[in-house]
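Trainee:
Residue numbers (this note's numbering), protein chains in the order written: chain X, 14 to 333; chain Z, -1 to 303.
Here it is in structure tokens:
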């Protein structure tokens, strides 16, 4: 009879063993203390989420105590700073989508091309050199990008190119172009990882059938890595809609229901920063509107992050 | 007798559609390389442009004088000190908690639903925009948090400690994720050996798992610190947008940081302030990019082993 079987057959022995284990833990109070402290650390992140949801939705509820839900969702004018105040979220959402649309238009093709190059064409040494440089772009503080969007892109590039009368000093396009640069490394790096994870056999089979490098890259590797690529783009989208400084500095502060690039607009984050810079007193509608917009932004990014997580997890299962 | 003529000339060059496909493929290399170099080019140009406009403004006085209404007299003294205070405090708050969380998740938490909820929660927190952390900091730390009439967190005002708590929560998820990855890289055989020799679980973690994970944890931490040092929006929201003309001496002081000073100068219309902003950007970029470089070097050094 093995020891395990002996334990199974005698409940007495089990409880005896459990007592012994408890006693051994008691004899190491330090150990118990440490594990307790580690547990507390783990709880802090859970608590953070709870606090975010509690404060955002608490003040949002206060906002909807004064402003009708229907006004928020079904009217289109956002005018919070002067009378008559109107709070239709769509102008701010349009501002965010405007910047998102134009930045993706540039960042997705360039970022994916860079990913294909690094994964399928580049010599390993070239990749070891280029990848950290691209990732350095992701480390540039956004206030630096903001400075460039306003001073360089608008004043030194767009205005001389298209004329002062067609390019307002604050415009969505300058923010979008710089935002594209900001998310380029996210798209390139995450997609490159996905492409590098595609098994070699697939590539070699394609080469064996006479495919050229270009065909292997775009007809074999690209489709095989598609879920990782989509996840990369989703991560980039979440970064764009949450980015604040670039749009606050360069895109303007006039809510505007348009997707045209050469317009002065305001995004959700831009509005939040504007209110934070002013001194809206606690309890005023301006103050609670900050939280209503923040909740909207939070829900947007939350949904995108969840979809990205699901796609990434599924993609991991495919090749591991 | 002359050598027999071959009926056709044999060539190894492809012709027709195959030649076209090969040519396309060869050409594609340069197009894709060009796309990759756009990013590198932008980084090089950004560097060139700020050094050209701000390089002349950068001197010892600029680093050691207080901000001023006159561009020529303004400097970074209070914002550099503010950044140093906030970063020191952020790191000392965030790192122990992040590493503790990672150890708890990898070594002690019972595998199951609860653990996967914590994992998902951290992945989601990592995607929350920084301005939302600012709003959390404003509502919870600056104005204080009370629940059911009980003051759970006192109102800290727009102080260094409020800023550091906010940034610590902001960098916590990415530091936890990096630490978890680092702990997973430690070979299980080390752990098993230690446990088999009778070490307790904590002794195993402290003497064997953690030392092996230190390079990975450091890389992740340094990248997180670089992010926090460049953070602007969250700190503006908690109220660090202030004119500070004194040296910070306590964690309850109001403060400002280098990125906010740069933002402030950027929004002023006078050209001289733009020059100040460029000079400030040089200081910030040198700090942030050297942190990034250190992180890359640590990663390269230890990944080769």
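C-beta: ideal position from N, C-alpha, C; glycine also. Owing to the predicted nature of the structure, the values given are computational and were not obtained by experimental measurement.
Can you name the start and end residues of the beta strand (DSSP E) that residue 144/Z belongs to?
Mentor: Residues 143 to 145.
Trainee: Are the Cβ atoms of residue 258/X and residue 231/Z separated by less than 7 Å?
Mentor: For residue 258/X and residue 231/Z, yes; Cβs fall inside 7 Å.
Trainee: So which of 100/X, 249/X, 256/X has the shortest CA-CA distance to residue 305/X?
Mentor: Out of 100/X, 249/X, 256/X, 100/X has the C-alpha closest to the C-alpha of residue 305/X.
Trainee: With DSSP run on the structure shown, which of helix, strand or coil describes residue 222/X?
Mentor: Correct three-state label for residue 222/X: coil.
Trainee: The ligand ATP and residue 70/X: does any heavy atom of the ligand fall closer than 6 Å to the residue's C-beta?
Mentor: Ligands displayed in this structure: none; no statement on the ligand ATP is therefore possible.
Trainee: Out of 82/X, 94/X, 44/X, which one is the CA nearest neighbour of residue 297/X?
Mentor: Closest option to residue 297/X, Cα to Cα, is 94/X.
Trainee: Rounded to whole angstroms, what is the Cα-Cα separation between residue 96/X and residue 299/X?
Mentor: When rounded, the distance between both Cα atoms is 12 Å.
Trainee: Would you kindly report the start and end of the unbroken beta strand (DSSP E) that includes residue 150/Z?
Mentor: 148 to 151 is the extent of the beta strand (DSSP E) around residue 150/Z.
Trainee: For the segment 169 to 178 of chain X against the segment 279 to 288 of chain Z, are there 3 or more C-beta pairs whose distance is under 8 Å?
Mentor: These segments do not touch.
Trainee: Which residues, in order along the segment 280 to 299 of chain Z, keep a beta-carbon less than 7 Å from a beta-carbon of chain X?
Mentor: Taking 7 Å as the Cβ-Cβ cut-off against chain X, the residues of the segment 280 to 299 of chain Z that qualify are 282, 283, 286, 287, 290, 294.
Trainee: Quick check: the Cα distance between residue 333/X and residue 309/X, rounded to an integer number of angstroms?
Mentor: The predicted position of residue 333/X is uncertain, since its pLDDT is 46 and thus under 50; no value can be drawn from it.
Trainee: Report the three-state DSSP secondary structure of residue 89/X (helix, strand or coil).
Mentor: Coil, per DSSP.
Trainee: Tell me, which residues are paired with residue 315/X by DSSP?
Mentor: The partner list for residue 315/X (beta bridge, DSSP) is empty, contrary to what the question assumes.
Trainee: Does any residue of chain X bring its CB to less than 7 Å from the CB of residue 19/Z?
Mentor: So, interface residue.
Trainee: How would you call residue 14/X, buried or exposed, if buried means at least 16 neighbouring beta carbons within 10 angstroms?
Mentor: Residue confidence is low: residue 14/X scores 46 on pLDDT, short of 50, so the model does not pin down where it sits. Its coordinate-derived value is still stated next. The residue in question, residue 14/X, is exposed, as its Cβ has fewer than 16 Cβ neighbours within 10 Å.
Trainee: Looking at residue 156/Z: is its Cβ nearer than 7 Å to the Cβ of residue 140/Z?
Mentor: Yes; because the gap between Cβ atoms is below 7 Å, this pair is in contact.
Trainee: For residue 252/Z, which of helix, strand or coil comes out of DSSP?
Mentor: If DSSP states are grouped into helix, strand and coil, residue 252/Z belongs with the strands.
Trainee: Can you find the residues in the same chain that come closer than 6 Å, C-beta to C-beta, to residue 303/Z, ignoring five residues on each side of it along the sequence?
Mentor: Reliability fails at residue 303/Z, whose pLDDT of 48 lies under 50, so the model's placement of it is uncertain and no value is given.
Trainee: How many Å lie between residue 326/X and residue 216/X at the Cα?
Mentor: Residue 326/X and residue 216/X: Cα-Cα distance of roughly 23 Å.
Trainee: Does the segment 201 to 208 of chain X touch the segment 238 to 250 of chain X, meaning 3 or more C-beta pairs lie closer than 8 Å?
Mentor: They touch, by the three-pair rule.
Trainee: Taking the beta carbon of residue 301/X as the centre, do at least 16 other beta carbons fall within 10 Å, making it buried, or is it exposed?
Mentor: The residue in question, residue 301/X, is buried, as its Cβ has 16 or more Cβ neighbours within 10 Å.
Trainee: Work out the CA separation of residue 185/Z and residue 210/Z for me, nearest whole Å.
Mentor: Distance between the alpha carbons of residue 210/Z and residue 185/Z is about 9 Å.
Trainee: Identify the contact partners of residue 125/Z in chain X, using a Cβ-Cβ distance below 7 Å as the criterion.
Mentor: The answer, in chain order, is 251, 314, 318.
Trainee: Would you tell me roughly how many angstroms separate the C-alpha atoms of residue 146/Z and residue 76/X, rounded to the nearest one?
Mentor: Rounded to the nearest angstrom, the two C-alpha atoms are 20 Å apart.
Trainee: In chain order, what residues of the same chain lie with their CB nearer than 8 Å to the CB of residue 175/Z, ignoring the 5 residues before and after it?
Mentor: So the qualifying residues of the chain are 120, 121, 124, 218.
Trainee: State the Cα-Cα distance for the pair residue 98/Z and residue 121/X, rounded to the nearest angstrom.
Mentor: Their Cα atoms are separated by approximately 38 Å.
Trainee: If we count Cβ pairs, one from each stretch, closer than 8 Å, do we get three or more for the segment 159 to 174 of chain Z versus the segment 55 to 66 of chain Z?
Mentor: Too few Cβ pairs lie closer than 8 Å, so no.
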